[in-house]
Amino acid sequence: MRAVIYTRVSSDSAGRGRSVSEQEADCREICDREGWDVAEVLTDNDIGASRHSVKDRPAYRRLSEVLAKGDVLVMWEASRAQRDMKAYVELRDLCAERGVFWSYSGRLYDPSRGDDRFSTGLDALLAEKEAEQTRERVLRAKRSAALAGRPLTSLSYGYRRVINMRTGATEGWVHDESEAPIVREMCDRVLDAESLWAIARDFTDREIPAPSNQRNAWGSWHPQTMRTMILRPAYAGLMVHKKKVVGKGNWEPIISEAEHQRIVAILTNPARITSRGHEPKHLLTGIATCGVCGGGVR
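In terms of my numbering, the sequence shown has 200 at position 192, counting the first letter as 1, and numbering is strictly consecutive.
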């Protein structure tokens, strides 16, 4: 029998789950035991499978292209396929229509049989319930953090985390001694009406390390992502949840709320969007950059 292995993991920062490589090893052991020939291994790493997940699962989508009559689909457990009843029904019906067997948790199921459809359906319901409970725990934790003023967003450049040594959780942020002055300088220069392009060139010339999400292909500061960065309310000590300011955080601001409001007004002013001259005669004018100096190519 030809076997197709599918593995998936959403995230495992605490190390309590099974990595995709461990899942594959377990699935291969089952295939060896049953005498199934592994034809293909499909993997989606760091991708959820609940109805709330927004990431595409390219490997999972390929199952409809790969599975053929007489195959067996092998997984570590039912939740690797989905944590959503709608997705479960689609996969179950696909296997039933094509005459594909389904193996997980060391057991073999025939989705065309009523008893096996019932058993796999129960497992799918349990997987969906677990996903909903996990989501509710995360939402409760965020609500608790909001009430305590703890950060709800990813760490901002200019800060470093304060870690609770007992629980390992982030309790707050404090100024990073090397990065916070850079943020302060950037904000002061914007408030003094200096362009982000000029600030980015100056920071690059001074070899100030840019955050990983700020660098262009040559490691330089990028004006557009710099703009996104300094518009963050977090620098004024404001807490954001679902893109809305919900209160004050428990960390020390780098700029005042008044300065933040002025920066927002400056950087969102339509008058800043100006023409860059005549229409270019060549396709990459103003787009291509030099691989040596990083300057624009015309």
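Don't be surprised by glycine CBs; every beta carbon is placed ideally from N, CA and C.
Suppose the cutoff is 8 angstroms on Cβ atoms and the five residues either side in sequence are ignored; what does the same chain contact list for residue i look like?
i	result
Ile171	Ala177, Thr178 and Glu179
Trp205	Pro231
Ala22	Its pLDDT being 44, under 50, Ala22 is placed unreliably in this model, and the coordinates cannot settle the point.
Ile3	Limits of the chain in this structure are 9 at one end and 306 at the other, which puts residue 3 out of reach.
Met9	Glu42, Gly43, Trp44, Asp45, Gly78, Asp79, Val80 and Phe109
Quickly, what does DSSP pair residue i with across the bridge? List them, please.
i	result
Leu50	Tyr14
Lys256	Leu246
Leu81	Val12 and Trp110
Ile171	Thr178
Tyr165	In DSSP, Tyr165 forms no bridge with anything.
Gly304	Thr297
Asp45	Arg10
Arg115	Tyr112
His183	Tyr167
Given residue i, which residues of its chain have a CB within under 7 angstroms of its CB, disregarding the five upstream and five downstream residues?
i	result
Glu85	Tyr112 and Ser113
Val46	Ala11, Ile13, Arg36 and Cys39
Asp118	Phe109 and Asp124
Arg235	Leu204 and Leu275
Can you say whether residue i is buried or exposed, counting buried as having 16 or more other CB atoms within 10 angstroms of its CB?
i	result
Phe109	buried
Ala279	exposed
Met83	buried
Ser164	buried
Gln31	buried
Gly166	buried
Ala67	buried
Arg100	buried
Met194	buried
Cys103	buried
Arg65	buried
Asp213	exposed
Val80	buried
Ala201	exposed
Leu134	exposed
Gly285	With a pLDDT of only 49 at Gly285, under 50, the local geometry of the prediction cannot be trusted, and no value is derived from it.
Gly25	Note that Gly25 scores 47 on pLDDT, short of 50, meaning its location in the model is unreliable and no value can be drawn from it.
Glu136	buried
Leu7	Here the chain covers residues 9 to 306 and nothing more, so residue 7 does not appear.
Phe211	buried
Gly257	buried
Leu199	exposed
Leu75	buried
Met173	exposed
Suppose the cutoff is 6 angstroms on Cβ atoms and the five residues either side in sequence are ignored; what does the same chain contact list for residue i look like?
i	result
His290	none
Ala218	Trp229
Asp34	Trp84
Thr128	Tyr117
Lys96	A small fix is needed here, since residue 96 is Tyr in this sequence, not Lys. Contacts found: Gln90 and Ala132.
Val28	Thr15, Val17, Thr51 and Asn53
Can you round the beta-carbon distance between residue i and residue j to whole angstroms, since I take them to be within the 8 angstroms contact cut?
i	j	result
His183	Glu260	6 angstroms
Ile207	Arg197	5 angstroms
Arg16	Arg88	5 angstroms
Gly107	Lys77	4 angstroms
Trp181	Arg169	6 angstroms
Asp262	Ala188	Note that residue 262 is Ile in the sequence shown, not Asp. Confirmed, Cβ separation roughly 6 angstroms.
Check whether the Cβ of residue i lies closer than 8 angstroms to any Cβ atom in chain D.
i	result
Met93	Checking the listed chains, one finds no chain D in this structure; it contains a single protein chain.
Tell me, please, whether the region 268-275 touches the region 234-244 by the rule of three or more beta-carbon pairs shorter than 8 angstroms. These segments touch.
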